[in-house]
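Have a look at the structure below, then the notes.
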Amino acid sequence: MLNGKRILLIVSGGIAAVKVPDLIRRLRERGASVRCVLTKGGAQFVTPLTLAALSGQKIYQDLFSLTDEAEMGHIQLSRDADILLVAPATADIMAKMSAGIADDLATTALLATDKPVMIAPSMNVMMWTHPATQANLETLKSRAVEVIGPGAGDLACGEVGDGRLAEVKDIIAALSRFFQRQTSEGALARMRVLVTSGPTHEPIDPVRYISNRSSGKQGHAIAAALADLGAQVTLIAGPTTEPDPDGVKVVRVETAAQMLKATREGLPCDIAVCAAAVADWHVADASKTKIKKGGTPPRINLAPNPDILATLAQPGPQRPGLVIGFAAETGDVIEKAKLKRAAKDCDWIIANDVSPGSGTFGGDNNTVHVISAANVESWPTMKKREVAEKLAAAIAAHAAKFL
Ligand code: C5P
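Numbered according to my numbering, the sequence shown spans residues -19 to 383.
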């Protein structure tokens, strides 16, 4: 969503300005170009040289710089962007924005712009909760300034509460959602989606467990792709090393029983995608203490796990309008998957070949067949991210007609 987007990043003077280099790096990784305006205060926390090196562009600081004005006037600077992002936004810059004060380059650009503005506030908790700041916030919101965060937690000043700059990933997610809304008006806007991903761990004792092979890559990519289309996604993730996708609510679980509980708590929803490799059994008599080795190896007594997909797909008032499962098979993939779809009563099943040598497990590629009651569509081998994007687009097309 951020590829090719031009962001005018206004860095005002708060300690959180130290997070700006990481923000610039992540934005550029996603193909955005970043031009920075640094206030006097901002330059106390991060150097122009750092920002120039990371953004690959000149840094603008002075309203009355002859060279800057000759190269790019402050009006053009404020218009030559797709969005203006103030991060961190101090109480001071919010007050100036609210009052229409333009006494430096940053505030002048903000007053002269005809582009959307987002702010990521960061300040001491008392400054944030002060009625003056809250009134300014309301004024800015009423002028369609989008506000990201702030988060709660330990503040640099030693106090605790609201006022932390939003996480870099959340700022990026907010920008992605903004551009998504602009381009497709969010094909899945207002849709509630549940995605399960990763394996489950079923304890044998506090140290050992049984599990299925699963990296969580495909399920996490699907959650991210659906969020990019504007859906409200809850990702119920078993133990994986995959990072939390941007703009997605993540509920971490360990066992199948916990995954089922979290899934039930996520209802009602419009769409469910079960991509998790849920263990088929759990240990019926799991030990509360570590089983000592030596002597006869213990017998493991297995009991079946609940089938989350089949539970979700059961007819009833809570059944999501579209329920999608996965079928990881070796050999006769399509035939086995068709039977699985019918047995579990889901609407679509995504079949993939996980035979040794297919490279599906843990790899970046996947070859899938999308199977519904009426149709089988075989997709070429693609990156898991591309499979996720194509699946999200197919879900959006279906949702537009039927949900
Ligand atoms: O039966 P099998 O495990 O092959 O089915 C795979 C599909 O069912 C996947 O979508 C998986 O997420 C889902 N499943 C589940 N709960 C289970 C077992 C599988 O949701 N206990």
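By construction, the Cβ of each residue, glycine as well, lies at the ideal position given by its N, Cα and C atoms.
| Query | Result |
| --- | --- |
| Three-way DSSP call (helix, strand, coil) for A154 in this model | helix |
| Among S35, G296, H262 and N192, the one whose alpha carbon lies nearest that of V256 | Checking the sequence shown, residue 256 turns out to be Ala, not Val. Considering only alpha carbons, the answer is N192. |
| Residues near K(-19) in its chain [Cβ-Cβ closer than 7 angstroms; skip 5 each side] | Note that residue -19 is Met in the sequence shown here, rather than Lys. If we look at M(-19) and ignore the five residues flanking it on each side, its Cβ neighbours are S156, F159, Q160 and D208. |
| Residue closest to S(-8), alpha-carbon to alpha-carbon, out of R(-14), V0 and K(-15) | V0 |
| Pair within 9 angstroms by beta-carbon distance, S335 and H349 | no |
| Check: P394 C-beta below 8 angstroms from any heavy atom of ligand 1 | Lying before the first or after the last residue shown, residue 394 is absent from the chain, which here runs from -19 to 383. |
| Ligand 1 heavy atom lying under 8 angstroms from the CB of V313 | no |
| The region 252 to 266 / the region 297 to 315 touching (three or more Cβ pairs under 8 angstroms) | yes |
| Nearest-residue set for ligand 1, Cβ under 5 angstroms from any heavy atom | C254, A256, V258, N285, D287, I288, L289, G305 and F306 |
| CA nearest to the CA of L(-12), picked from P286, I4 and G(-6) | I4 |
| Opening and closing residue of the beta strand (DSSP E) in which H349 lies | V348 to I351 |
| Beta-carbon proximity check, A283 vs W261, cutoff 9 angstroms | yes |
| Residue nearest to C16 in terms of C-alpha spacing, selected from E9, L64 and A(-4) | L64 |
| Among T109, V105 and I99, nearest to R123 - alpha-carbon criterion | I99 |
| DSSP bridge partner residues for A257 (one or two, in chain order) | P179 |
| Sub-9 angstroms separation of G(-16) and A12 beta-carbons | yes |
| Pick from V356, E309 and D325 that is closest to T340, judged by C-alpha positions | E309 |
| Candidates E51, A50 and R6: closest to V34 by CA position | It is worth fixing the name first, because residue 34 is Leu in this sequence and not Val. Minimum Cα distance to L34 is reached at R6. |
| For G131: DSSP bridge partner residues | R144 |
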